[in-house]
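Since the structure comes first, as structure tokens, the remarks are kept for the end.
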Amino acid sequence: MDYVSALVPPVVMAAFFIGLVVTIVKSQGGSNKAKEDAAVDAALARTESVKQTGSDA
0 MDYVSALVPP
10 VVMAAFFIGL
20 VVTIVKSQGG
30 SNKAKEDAAV
40 DAALARTESV
50 KQTGSDA
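Heads up, the sequence shown is in numbering that gives the first Met the number 0, so the first residue is 0 and it goes up one at a time.
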């Protein structure tokens with residue numbers, strides 16, 4: 000019975016890892032892609048405006 004208790008943690012971790020990978024893959028592209036791209040574009044625009052404002056001063 001010791002082998003069962005030794006194998007349970009790695010199996011559980013593997014299952015959670017597989018679930019995480021599947022979730023990440025499913026969330027890429029599709030309807031979420033436009034929303035994610037817009038968020039990245041907004042962050043880049045803010046960074047650029049801060050750089051331009053900071054270099055003028």
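Each residue gets a CB set at the ideal place from its N, CA and C atoms; glycine is no exception. Fair warning: this is a prediction, and the values are worked out from it, not measured in the lab.
- In this structure, DSSP gives Q27 a state outside helix and strand, which the three-state scheme calls coil.
- Rounded to the nearest angstrom, the gap between the Cα atoms of L6 and T52 is 57 Å.
- Straight-line measurement puts the Cα of A37 at about 23 Å from the Cα of V20.
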